[in-house]
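Note that the UniProt record's numbering gives residue 246 to position 246 of the sequence shown, counting from 1, and the numbers run on in steps of one. Each residue gets a CB set at the ideal place from its N, CA and C atoms; glycine is no exception. First up is the structure itself, then whatever we jot down about it.
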Amino acid sequence: MTTGSLLVADLVIAVLAVAGWLGAGAASAVRRRPLALALAAGALLATLARAITITALARAGWWFAAEKILIAGPLSLAAVGVAGPRLLRVPVDIRAVAVPLLFAGYATSGALLVTILHGYPASAGAGLLAVAGVVTATVISARALGARPSRTASRVALGVAVGALVTGTGLTVAPGAAPAVPHDHGFPATRIADEPTRRFTLTAGTATVDAGGRDVDAWAFNGQVPGPELTATVGDVLEVTLRNRDIGRGVTLHWHGYDVPNDQDGVPGVTQAAVRPGQEFVYRFRADQAGTYWYHTHSASDVGVRMGLYGVLVVRPGPVTGLDVTVPVHTLAGRQLPAPRVERVEAGVPVRLRLINTDSTTHRYALAGTAFRVAAIDGVDLRGPTPLVDTAVLIPAGGRYDLVFDASATPVALFVDGRAVYSTGPVSTATGAWPVLDPLAYGATAPAPWSRFDKTFTLVLDRGLDLRTFLPRYAHTVNGAADPDIPPQVVRLGDVVRFTIVNRSQIVHPWHLHGHHVLVLARDGKPATGGPLWLDSFDVRPGEVWEVAFRADNPGMWANHCHNLAHADAGMTLHLMYS
Ligand code: C2O
Ligand code: CU
């Protein structure tokens, strides 16, 4: 069983236990004896079964089980300890066990709420709040059912509830010591001496564009979605003038995966101010990395990219030989771009398909009719890629794969989620059952460049209630906090840095660090066995633990976030900063 499915199983069992105890309590309150006993027996079993799932989760990593062991464990023991013995000697009047059964229900619900609303890390504050809730709910139920608890019992309960509430609230809401991320709006543009310069102007504006034969409202660069394809040759200087005609949320250009100097990175409020309607900003940087990249707005990035403010950036090592095709996949107003393209290609011509996922979720790509190699991932050439046949690739949000092959006499077709987007003729192959390439086991190994790390950070991805905003929100969290309260990761120039990224949640988080490619060391404790894999975007699936490393060689303040941009907006963004 994978850790992801264990997390789901444990959640389901916890919900069953809660439903069982509460149902048993309610049934006994209305004297439905057989029903009450059956539900209580089921709840008891479910509560005990959690010992198994929680132990298994703890073995997969403390992050997956922390609050379950520290908070759910004691509360469940209390539930079993209070309700269990009374069930062994069932009284004549079943109503007499209603309060203990309800207590068990409140205790298990309290623990469940801690997991759902608070997650990782387990905190004393959350535990105390759960206790306060359980005691209060039990006292109220006892009164409602006409049970007369003794004066002392009432006083003790009240004291515990108030004490736990006050301390718990204090511990939970007290502002964390997150050092503020300095916001700089006045960076000087990087000076670059005279070199061949490729100049482009991108004007952002609202537009009506054609999406698969239907006119839709979009936000576009130069009136088109995707925006113009920017191309350069290694060594060129790119000079891109960004103008904003009428995008009220502001616009910037972020060069996704391109490790530019920090002042060119296009993150509003961090490396520049957003470009407002009527304003412009000039980006200038040297194209010194060949490969497939893309650009997109980073201002209101979730809606901005979704509405169409993105385009392709391709830097080639030299003149194009053969056929070089970019396939940026995007969902615009529910329609998938690009429109299918059919192209005649002579046999023997080398073809490079540059696949780009500009959506916020993973896409599945399948190239049918030919053997191919994955020449590069995230712009970086792979070492010793071997030919693949009838194998699909999964590209995370923001990621890029370059597939290469020599055109054959028979047609080939590229399918994205089952839809043909590029072909050299008709191909009818079912690709849905193909195995998926694991990039961690692809290509020829090379010794790891580092064996020791100057800094290590752990990022535990989860969901939780963010109480620090004016209106509490259910945020996507990192180590229990949401942007802007996640402490920045501070490194020094030259440090070798290791990140452990743990996904405790039920959804995929495509992780993306700006300004650096990271080398994948291991997933779920198993070292990568293929060629060195340098990524800027990678899917951390539910229950997965990724170990990646990089050298801190690009000073500045860098966003480090989930590239499901809705998640990034809802808290899952932090910063890497150089001291
Ligand atoms: Cu493509 Cu900060 O993102
Ligand atoms: Cu995410």
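Using a Cβ distance threshold of 8 Å, P261 and H298 do not count as a contacting pair. Taking one beta carbon from each stretch, the segment 72-85 and the segment 97-113 have 3 or more pairs nearer than 8 Å; the two touch. Its Cα nearest to that of L414, the residue E343 stands out among T271, G125, E343 and W511. If you look at T108, you'll find it in the alpha helix (DSSP H) that goes A98 to L113. Note on the segment 317-368: whole beta strand (DSSP E) runs with a minimum of 3 residues are 323-332, 335-337, 350-357 and 363-368, in chain order.
Counting C-beta pairs with one atom in each stretch, the segment 312-322 and the segment 227-241 have three or more that are closer than 8 Å, which means they touch. V30 and R95 have their alpha carbons spaced roughly 7 Å apart. Using a cutoff of 7 Å, the CB of H575 does not count as near the ligand CU, since none of the ligand's heavy atoms is closer than that.
Residue environment analysis places M557 among the buried positions, since at least 16 neighbouring C-beta atoms fall within 10 angstroms of its C-beta.
According to the DSSP assignment, S301 belongs to the alpha helix (DSSP H) that extends over S301 to M307. Nearest Cα to P340 within the set A420, D495 and D381: A420.
Three or more beta-carbon pairs separated by less than 8 Å link the segment 401-416 to the segment 367-376, which places the two stretches in contact. CA-CA distance, T529 to N503, rounds to 22 Å.
One Cα belongs to N479, the other to A549, and the distance between them is close to 19 Å. Ranked by Cα distance from E280, the first of R155, G250, A287 and L309 is G250.
If you check the C-beta of G398 against the ligand C2O, you find a heavy atom less than 7 Å away.
Taking C-beta separations shorter than 7 Å and ignoring five residues to either side along the sequence, the partners of V18 in its chain run G105, T108, S109 and L112, following chain order.
Note on geometry: alpha-carbon atoms of T206 and G278 lie some 13 Å from one another. H476 has its CB nearer than 7 Å to a heavy atom of the ligand CU.
Taking the CA atoms as reference points, H296 sits about 11 Å from D265. Ranking G84, V329 and G399 by CA distance to the CA of D417 puts V329 first. For the pair A409 and A347, the Cα-to-Cα distance works out to about 5 Å. When distances are taken from the beta-carbon of A371 to the heavy atoms of the ligand C2O, even the shortest one reaches 7 Å or more.
Buried is the label assigned to M572, since at least 16 other Cβ atoms lie within 10 Å of its Cβ. Between the alpha carbons of V160 and V135 lies a gap of roughly 8 Å. When DSSP states are grouped into helix, strand and coil, E547 belongs to the strand group. For S537, the enclosing beta strand (DSSP E) covers residues S537 to V540. Secondary structure of E239 (DSSP, three-state): strand. Assignment of alpha helix (DSSP H) within the segment 370-413, counting only whole runs of 4 or more residues, yields no such run.
Taking C-beta atoms as the reference points, G515 and V380 fail to come closer than 8 Å. A contact between stretches requires three or more CB pairs, one per stretch, nearer than 8 Å, and the segment 237-248 meets this requirement with the segment 196-214. By the rule of a C-beta closer than 5 Å to any heavy atom of the ligand CU, the residues picked out are H509, C562, N564 and H567. Here the alpha carbon of H256 sits roughly 15 Å from the alpha carbon of N554. DSSP, reduced to helix, strand and coil, places E67 within a helical segment of the structure shown. In the structure shown, R473 adopts extended strand secondary structure according to DSSP, grouped into three states.
Setting aside the 5 residues that flank it on each side, G23 is surrounded in the same chain by L39, each with a C-beta closer than 7 Å to its C-beta; the list follows chain order.
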